[in-house]
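Below is one structure, written out as structure tokens, with a few remarks after it.
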Ligand SMILES: [Zn+2]
């Protein structure tokens, strides 16, 4: 019998908001990115193996910083 199982991490751009970057200090578009990791069977994602993580990526300097789920939800709304 042959089983094809694994874990896949997927990134999704939720929104882009204009904020002052904490790293470079410039007012620039910040991408709100969600990262989720799911268990897969036969390349089909079935269920999450860890809670989603969120980060902001600066469009000016490229720096990324983690934000919690509540902050990400407020930025996207
Ligand atoms: Zn920046």
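Numbering (the working numbering), first residue to last: 212 to 288.
Note that beta-carbon positions come from the ideal geometry of N, C-alpha and C, so glycine has one too.
Just so it is clear, the structure is predicted and the values come from calculations on it, not from any experiment.
Residue 281 beta carbon near ligand 1 (any heavy atom closer than 8 Å): no
heavy atom of ligand 1 below 8 Å from residue 274 C-beta: yes
In chain order, each alpha helix (DSSP H) run of at least 4 residues that lies wholly inside the segment 234-283: none
Residue 277 Cβ short of 8 Å to ligand 1 heavy atom set: No, since every heavy atom of ligand 1 falls outside the 8 Å radius drawn around the Cβ of residue 277.
Coarse secondary structure for residue 224, derived from DSSP in three states: strand
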